[in-house]
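K.L.:
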Amino acid sequence: MTTETITLTVDGHEVQVPAGSTVLQACESLGIDIPTLCTDPRLKPYGACRMCVVEVQPGPPRPTASCTTPAAEGMTVVTNSDSIRDVRRHVIELQLQHHPLDCPYCDQAGTCELQDEVFDQKIHQSPYETVSKAHPEEVLNEVILLNHNRCILCGRCVRICDEQIGVHALDFVERAAGTFIAPAQHDFMDCERCGMCIETCPVGALLSKPFKHSARSWQTEKVASTCPHCSVGCSLLVESRHGDVVRTRTNGLEEPSRGLLCAKGFFGHSFVNSEKRITRPMVRRGGVLQPTTWSDALDVVSKGLQNVLDAHGPESVGVVGSPNTTNEDNYALLRFARAVLGTPNVYSQDSGMHATARTLRAVLGSSTGPHTQNELLESELILVIGADIGHTHNVLGAHIKQAARDDNRTLVVATRLASGLDKYATVAERIRPTAEATLLSSLAGTHSADIESLTGLDRESFEKIQGLVGEADSVAVVWDTGLWTLDRATRIAQAAANLALSRSGVRLFPLAERVNSVGTFQVGMAPDLLPGARSVEDSKARDDIGAVWNTSISPNPGLSFNEFISGPIKALYVMGEDVVGGALNSTEASAALLNAELVIVQDIFMNATAEAADVVLPGTSFAEKGGHFTNFEGRLGRIEPAIPPVGESRPDWEIVARIAAAMGSDFGWRSHEPISKELRELSTAPSIQGSGSSVPIDGALGPLDDNNSFVLTTEQHLYTAGVAGRHAPSLQTMLPEAVAELNPDDAGRLSISHGDPVRLASTAGEVNLKALVTARVPKGIVSLPDRFLEAPARQLDPRAPDGAVVRVSKG
Ligand code: SF4
Ligand code: SF4
Ligand code: SF4
Ligand code: FES
1 MTTETITLTV DGHEVQVPAG STVLQACESL GIDIPTLCTD PRLKPYGACR
51 MCVVEVQPGP PRPTASCTTP AAEGMTVVTN SDSIRDVRRH VIELQLQHHP
101 LDCPYCDQAG TCELQDEVFD QKIHQSPYET VSKAHPEEVL NEVILLNHNR
151 CILCGRCVRI CDEQIGVHAL DFVERAAGTF IAPAQHDFMD CERCGMCIET
201 CPVGALLSKP FKHSARSWQT EKVASTCPHC SVGCSLLVES RHGDVVRTRT
251 NGLEEPSRGL LCAKGFFGHS FVNSEKRITR PMVRRGGVLQ PTTWSDALDV
301 VSKGLQNVLD AHGPESVGVV GSPNTTNEDN YALLRFARAV LGTPNVYSQD
351 SGMHATARTL RAVLGSSTGP HTQNELLESE LILVIGADIG HTHNVLGAHI
401 KQAARDDNRT LVVATRLASG LDKYATVAER IRPTAEATLL SSLAGTHSAD
451 IESLTGLDRE SFEKIQGLVG EADSVAVVWD TGLWTLDRAT RIAQAAANLA
501 LSRSGVRLFP LAERVNSVGT FQVGMAPDLL PGARSVEDSK ARDDIGAVWN
551 TSISPNPGLS FNEFISGPIK ALYVMGEDVV GGALNSTEAS AALLNAELVI
601 VQDIFMNATA EAADVVLPGT SFAEKGGHFT NFEGRLGRIE PAIPPVGESR
651 PDWEIVARIA AAMGSDFGWR SHEPISKELR ELSTAPSIQG SGSSVPIDGA
701 LGPLDDNNSF VLTTEQHLYT AGVAGRHAPS LQTMLPEAVA ELNPDDAGRL
751 SISHGDPVRL ASTAGEVNLK ALVTARVPKG IVSLPDRFLE APARQLDPRA
801 PDGAVVRVSK G
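Going left to right, the sequence shown walks through residues 1 to 811 as this note's numbering numbers them.
(1) For a test of the three-state rule: what should DSSP assign to residue 715, helix, strand or coil?
(2) What's the call for residue 295, buried or exposed, on a 16-neighbour Cβ count within 10 Å?
(3) Buried or exposed: residue 98, going by 16 or more other Cβ atoms within 10 Å of its Cβ?
(4) So which residues put a beta carbon under 6 Å from any heavy atom of ligand 4, going in chain order?
(5) Residue 30: which of 42, 17, 40 and 36 sits nearest, CA to CA?
(6) Quick test of the definition: if touching needs 3 or more C-beta pairs under 8 Å, does the segment 344 to 362 touch the segment 558 to 565?
(7) Is there at least one non-hydrogen atom of ligand 5 closer than 7 Å to the beta-carbon of residue 152?
(8) I believe residue 672 touches residue 221 by the beta-carbon criterion, under 8 Å. Please report the beta-carbon distance rounded to the nearest angstrom.
(9) Which runs of the alpha helix (DSSP H) fall wholly inside the segment 658 to 702 and span at least 4 residues, in chain order?
(10) Could you say which of 58, 150, 728 and 417 lies nearest to residue 229 if we only look at CA atoms?
(11) Confirm, please, whether the CB-CB distance from residue 377 to residue 357 is below 8 Å.
(12) Quick check: does the Cβ of residue 395 come within less than 7 Å of any heavy atom belonging to ligand 3?
(13) Return the residue from the list 69, 257 and 369 that minimises the CA-CA distance to residue 690.
(14) Do residue 391 and residue 718 have their CB atoms nearer than 8 Å?
(15) Measure the alpha-carbon distance for residue 844 versus residue 749 and round it to whole angstroms.
(16) Could you check if residue 413 is buried or exposed, using at least 16 other CB atoms within 10 Å of its CB as the buried criterion?
(17) Suppose you measure from the CA of residue 786 to the CA of residue 797; what does that come to, to the nearest Å?
(18) Would you report the Cα separation of residue 603 and residue 631, rounded to the nearest angstrom?
(19) Distance, Cα to Cα, residue 740 vs residue 211?
(20) With a 10 Å radius around its C-beta and 16 neighbouring C-beta atoms as the bar for buried, classify residue 218 as buried or exposed.
(21) Pick from 365, 196, 69 and 350: whose alpha carbon is nearest that of residue 515?
(22) Is the Cβ-Cβ distance between residue 791 and residue 738 less than 8 Å?
(23) Since residue 240 and residue 224 should fall inside the 8 Å C-beta cutoff, what is the C-beta to C-beta distance between them, to a whole number of angstroms?
(24) Run the proximity test for residue 139: is its beta-carbon closer than 7 Å to any non-hydrogen atom belonging to ligand 1?
(25) Per the DSSP calculation, residue 224 is bridged to which residue(s)?
(26) What number of angstroms, rounded off, separates the C-alpha of residue 654 from the C-alpha of residue 338?
(27) Nearest to residue 251 by CA position, among 435, 265, 324 and 711, is which residue?
(28) Shortest alpha-carbon distance to residue 53 belongs to which of 181, 605, 82 and 74?
(29) Just the C-alpha distance for residue 32 and residue 94, rounded to the nearest angstrom, thanks.
(30) In three-state DSSP terms, what is residue 423?
(31) Buried or exposed: which applies to residue 422, given that a residue is buried once 16 or more other Cβ atoms fall within 10 Å of its Cβ?
(32) Output the residue ranges of the alpha helix (DSSP H) runs that lie fully inside the segment 228 to 297 and measure 4 residues or longer, sorted by chain position.
(33) Would you list the one or two residues that DSSP bridges to residue 768?
(34) Evaluate contact between the segment 470 to 485 and the segment 496 to 515, counting only Cβ atoms and requiring at least three cross-stretch pairs below 8 Å.
(35) Note down, in chain order, each residue of its chain lying with its Cβ closer than 7 Å to the Cβ of residue 301, except the 5 sequence neighbours on either side.
(36) Under the rule that 16 or more other beta-carbon atoms within 10 Å means buried, what is residue 808, buried or exposed?
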């Protein structure tokens with residue numbers, strides 16, 4: 001493919017640029033530095049500030065903005081004449097009329113684009129009468145401050161919120177000299193707290209409240225990393241000072257984040273330096289967990305495990321890895337389990353990703369995924385189904401909005417709650433919880449029952465979606481596999497596979513809930529898997545891997561987790577997970593741990609499992625170690641240590657390797673790199689053929705016949721991030737407590753107002769919390785955010801709370 005190019009001359013140098021480039025881009029390709037204020041590579045050219053002026057021939061007889069002027073064949077550009085320098089100087093002098101030079105106090109100092117220009121042009125004050133704006137610093141919400149006097153009205157905040165986030169929470173207000181930036185809606189209610197307006201602001205007008213006055217930009221150490229919260233796996237820059245992470249920011253424009261973060265990525269790092277971190281090894285003595293030395297703790301663990309192995313055999317020991325930790329951490333634990341302990345009872349707790357991956361592989365084969373984000377965004381039609389991915393995978397949601405708006409993708413949204421994606425969709429419909437698989441299978445023609453009563457969609461809407469899906473050459477089906485898919489992930493995946501089998505051009509994008517759920521599957525953290533997600537029944541895999549591990553691997557899969565904890569459990573080793581809090585039956589899990597002879601927990605915070613442990617070992621967070629997460633596309637996201645380990649904590653892989661060495665098997669690892677290499681070498685898997693079989697899907701929830709009965713939907717909220725979120729103060733201020741969300745009509749009928757206490761009751765139990773009355777919830781549905789310990793949805797249905805029938809009353 002040839003790309004059309006344009007040849008022009010800049011300051012006497014000839015340059016070729018792709019057709020469609022601006023003059024600014026042509027200058028930059030020659031390394032010529034043109035000052036800009038209103039430009040951001042994430043945004044469309046705007047031309048507001050006039051800093052980037054150049055002279056062009058042929059062109060207007062005056063300096064012209066290079067950022068909005070298209071480069072043309074044969075054009076001659078001058079970038080630094082006297083008249084250009086005069087214009088740029090004048091621009092700065094006008095800005096300084098109201099912009100205070102309060103750089104010693106301003107958080108942006110050191111990265112302020114206006115300060116750079118003031119310095120370069122040696123301007124110390126404006127020649128014009130200075131005019132301060134009347135507005136003081138304004139608190140826009142829990143995390144965003146706006147200093148109007150420093151605002152240069154470049155519009156970058158307004159544009160990034162609109163063009164990239166698809167929210168439009170900020171706007172210009174008033175006119176001419178009285179113009180200022182303000183929330184576009186009452187109470188700034190649409191703001192998603194992504195921080196991108198702060199990130200793009202070239203001056204210190206928009207500021208992060210949590211970061212304010214915590215460091216000067218030149219004092220911080222900066223390390224490239226990956227967001228630890230969801231499976232989009234956005235690129236991050238972690239900034240630290242004196243061993244504390246002080247902020248996280250975007251890092252370049254690469255995939256998958258393309259220069260964006262969400263609230264969790266931008267503000268959700270503060271758990272790293274929480275005072276509640278486990279900082280020392282602890283061993284239970286006299287019934288109480290007591291701090292001890294590493295050598296004592298490792299001695300207790302290695303001898304304790306050996307005793308259990310000697311007394312009860314390897315299959316009495318279970319090992320649990322974690323989608324919160326790296327591939328290297330999980331691989332170290334897997335090798336330890338299978339090669340040192342000799343147990344096949346290896347687990348990773350996960351909502352629905354493992355079940356989804358297994359189903360898709362069994363039906364469609366291994367060559368069908370995962371697909372890249374680019375393939376998703378380039379599909380002619382994007383179907384988002386189930387949970388609102390604007391909450392679960394926010395940055396991907398932002399990219400989808402942009403694809404629908406700017407690239408003419410057809411977006412179809414069929415979610416349980418109203419979504420920020422709706423306004424960009426050709427069709428946006430609400431479906432009832434539990435109806436996701438029925439809808440997908442109906443689109444595939446493998447479900448024939450009454451679509452209206454089972455999904456909540458009327459026939460006309462269904463047929464519209466069916467028509468759009470049928471007409472599109474390529475279709476991306478996107479769904480979150482979070483907690484709401486517990487017990488239903490296989491069914492949804494089979495229904496999605498039915499659709500993929502029914503026609504060509506369908507690609508499936510199951511989105512793992514946690515950052516490394518995909519990684520735990522591919523590493524082989526399951527009783528029937530080996531690295532590369534190869535089956536233990538694959539003799540070549542066993543031979544290849546056994547040769548490196550210097551062991552013989554059994555072809556027999558281990559027990560399921562439930563079979564293990566209700567059966568042979570004598571010792572359990574848990575890394576980065578709360579198996580009690582996350583168990584389908586936490587009472588049973590807790591009893592199993594109490595009866596075990598040895599429970600070892602390696603984590604960064606205490607949880608219900610750690611409280612029951614005999615030994616607690618302090619692991620490190622993503623900010624203190626190296627390694628990789630695997631995102632929803634299968635892309636490796638690298639993390640690097642930004643700060644030293646907090647307290648006496650150590651990287652998870654290192655703790656495991658030290659225990660292995662204490663038990664006589666030194667893996668020889670002194671950093672994570674040889675682990676990455678070993679894992680990579682063992683992960684080459686032969687292609688697996690799928691069955692290619694469609695399966696009829698039926699049995700979604702029927703209609704309700706009682707006015708006080710509601711269908712429960714459990715949703716992951718944008719501002720909740722599991723264990724980490726509970727210990728991240730910034731996220732906690734955004735959603736301090738769980739709320740039951742109700743439609744205004746339902747709330748009115750039950751005389752429930754915003755903030756009232758409400759009781760949700762099912763045949764299994766009840767939950768008491770406050771009401772939030774919101775039109776985002778359809779009538780007949782009550783929504784509960786998952787991951788709140790104080791409002792556990794599982795009390796309403798321990799197996800699959802999503803879709804449970806509950807009665808709602810004022811409490
Ligand atoms: S934080 Fe994000 S959503 Fe809120 S105003 Fe800024 S850019 Fe918009
Ligand atoms: S607040 Fe910042 S980004 Fe927004 S218009 Fe003002 S200077 Fe530009
Ligand atoms: S979308 Fe996911 S990975 Fe990206 S910043 Fe948000 S939580 Fe982090
Ligand atoms: S950078 Fe070109 S007008 Fe602002």
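Where is the CB? At the ideal position from N, CA and C, for every residue including glycine.
P.N.:
For this structure:
(1) Reduced to three states, the DSSP call for residue 715 is strand.
(2) By the neighbour-count rule (16 or more Cβ atoms within 10 Å), residue 295 is not buried but exposed.
(3) buried
(4) The answer, residue by residue, is 36, 37, 38, 39, 47, 48, 49, 50, 51, 52, 65 and 67.
(5) The shortest Cα separation from residue 30 among 42, 17, 40 and 36 belongs to 17.
(6) Note that the segment 344 to 362 touches the segment 558 to 565; at least 3 beta-carbon pairs, one per stretch, sit closer than 8 Å.
(7) Among the ligands present in this structure, namely ligand 1, ligand 2, ligand 3 and ligand 4, ligand 5 is not found.
(8) Residue 672 to residue 221, Cβ: 19 Å. No contact.
(9) 673 to 682
(10) 728
(11) no
(12) yes
(13) 369
(14) Taking a C-beta distance under 8 Å as the contact criterion, residue 391 and residue 718 qualify as a contact pair.
(15) Residue 844 lies beyond the range of the chain shown here (1 to 811); nothing can be said about it.
(16) buried
(17) 13 Å
(18) 22 Å
(19) 31 Å
(20) exposed
(21) 350
(22) yes
(23) Contact doesn't hold; Cβ gap of about 13 Å is too wide.
(24) no
(25) DSSP output for residue 224 lists 237 as bridge partner(s).
(26) 17 Å
(27) Of the listed residues, the one whose Cα sits closest to residue 251 is 265.
(28) 82
(29) 25 Å
(30) Note: residue 423 maps to helix in three-state DSSP.
(31) With 16 or more Cβ atoms within 10 Å of its Cβ, residue 422 is classed as buried.
(32) Taking only runs of at least 4 residues, the alpha helix (DSSP H) segments lying wholly in the segment 228 to 297 are 263 to 267.
(33) 759
(34) yes
(35) Closer than 7 Å at Cβ, skipping near neighbours: 600, 615 and 659.
(36) By the neighbour-count criterion, in which 16 or more other beta carbons inside 10 Å mark a residue as buried, residue 808 falls on the buried side.
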